[in-house]
Structures are given as structure tokens and as C-alpha cells.
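Numbers given in this note's numbering equal positions in the sequence shown, counted from 1, plus 843. All C-beta atoms, glycine included, are put in the ideal place defined by N, C-alpha and C. Nothing here was measured: the structure is a model prediction, and the numbers come from that model.
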Amino acid sequence: MEEREIRLKLDRETKQLVCRLLRQHAEELKEKAEGQKTFCRLLLAHQLEQTHEVLAQIQAGWKQALPTLAVGKALPEPDGDGHDQSRH
């Protein structure tokens with residue numbers, strides 16, 4: 844599978860919307876994986892990992908571009924597992 848860095852130039856509201864949609868997608872993947880066989884769970888886990896990587900890239904890019912904003916409030920940083928800390 845091809846790996847590539849995602850570069851987005853978006854305003855603050857659009858970034859919040861994109862991140863919210865990606866988090867929602869990740870939650871849906873986790874829910875789907877609960878009732879699946881092992882192979883499907885592995886595929887869904889891989890998709891979930893990719894979704895969290897995209898969120899991390901957006902977070903990192905936003906921190907570089909807007910270091911003075913309170914980014915943590917708008918985009919909570921993922922914990923060690925790549926999950927959003929604000930949901931725990």
C-alpha cells in the first residue's frame with residue numbers, strides 16, 4: 844500500500860470539521876469491528892490506524908502553522924494508542 848503525507852491548507856473551522864468527521868469514521872470502524880471475525884477486525888484495525896495517522900498529520904501541521912493558538916482544545920491529541928484523549 845502506498846504511503847503518502849497528506850497536506851491540507853484549510854481554515855480553522857474546516858479543520859475542525861475534517862477532524863470531527865475522521866473521529867466519527869474511526870468510531871464507526873471500532874463499532875463494526877466488535878462483531879466481526881478476526882480477519883475483518885484486522886482490516887478494520889488497519890483502517891482505524893490510518894485514520895488516526897491522518898488526524899495526527901493534521902494536528903502536527905496545525906501546530907506548526909498556528910503555534911500560538913490553543914490547538915489542544917480544538918483538536919485533542921491522540922494518546923499512545925492513537926486515540927483521542929478527550930473521549931476517555
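- Judged by their CB atoms, A876 and L891 are nearer to each other than the 9 Å cut-off.
- Relative to the Cα of H895, the nearest Cα in the group E856, L872, R855, T857 belongs to L872.
- Residue state for Q879 is assigned as coil, using DSSP reduced to three classes.
- Around F882, the same chain offers no residue with a beta carbon nearer than 6 Å, after the five sequence neighbours per side are excluded.
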